[in-house]
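Scroll down for the structure; my scribbles are underneath it.
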Amino acid sequence: MPQSPAERRVVVTGPPRRARPVSGYYRPRTEIDEQTTLGHTYVRSLMRTQLRAGLTVFAVLGLLIGPLPLLFAAMPDARGLVWLVLGFGLYAPLVLLARWYVRRAERNERDFVRLVEDR
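With the working numbering, letter number 43 in the sequence shown gets 801, and the count goes up by one each step, no holes.
Here it is in structure tokens:
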């Protein structure tokens, strides 16, 4: 006696149709790892903020050091003052500028990681 169509069992032996399970939340880290357009945008935004911090430091450094040759040319007899300005007067602003840049770069990276993490 043949089985009716409602009673027949069908066995599927092929690979699953979904390549990855659908998750209920958004994962930016996956976008970056898979190098999608959105992941590229995330990385570009990090690079842009780091570049902005670097250009800010460069501009402040140029404004700080740029006029010094004109100042030294205006005072040709003040060799001791030139060495004092170069040796001691610029050291503290350069250290402070470098410290600001490192803190800014670390804060940019921390903000990026907070954006990308799955929390």
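Note that CB positions come from ideal geometry on N, CA and C, so glycine has one too. For clarity, every value in this text was computed on a predicted model and none was experimentally measured.
Find the nearest neighbour of residue i within the set the options, judged by alpha-carbon distance.
i: residue 864; options: 811, 852, 842; result: 811
i: residue 824; options: 848, 773, 767; result: 848
i: residue 858; options: 837, 808, 769; result: 808
Enumerate in chain order the residues of its own chain whose CB-to-CB distance from residue i is below 6 Å, with the five nearest sequence positions on each side excluded.
i: residue 867; result: none
i: residue 789; result: 796, 797
i: residue 902; result: There is simply no residue 902 to check, as the chain begins at 759 and stops at 877 in what is shown.
So, are the CB atoms of residue i and residue j less than 7 Å apart?
i: residue 815; j: residue 855; result: yes
i: residue 830; j: residue 818; result: no
i: residue 787; j: residue 871; result: no
With a threshold of 7 Å on Cβ separation, who are the neighbours of residue i within its own chain once the five nearest residues in sequence on each side are excluded?
i: residue 804; result: 866, 870
Check whether the Cβ of residue i sits closer than 6 Å to any heavy atom of the ligand GDP, and report yes or no.
i: residue 862; result: Among the ligands in the structure shown, none appear at all, so the ligand GDP cannot be discussed.
field: Three or more C-beta pairs below 8 Å linking the region 836 to 845 and the region 793 to 811
entry: no
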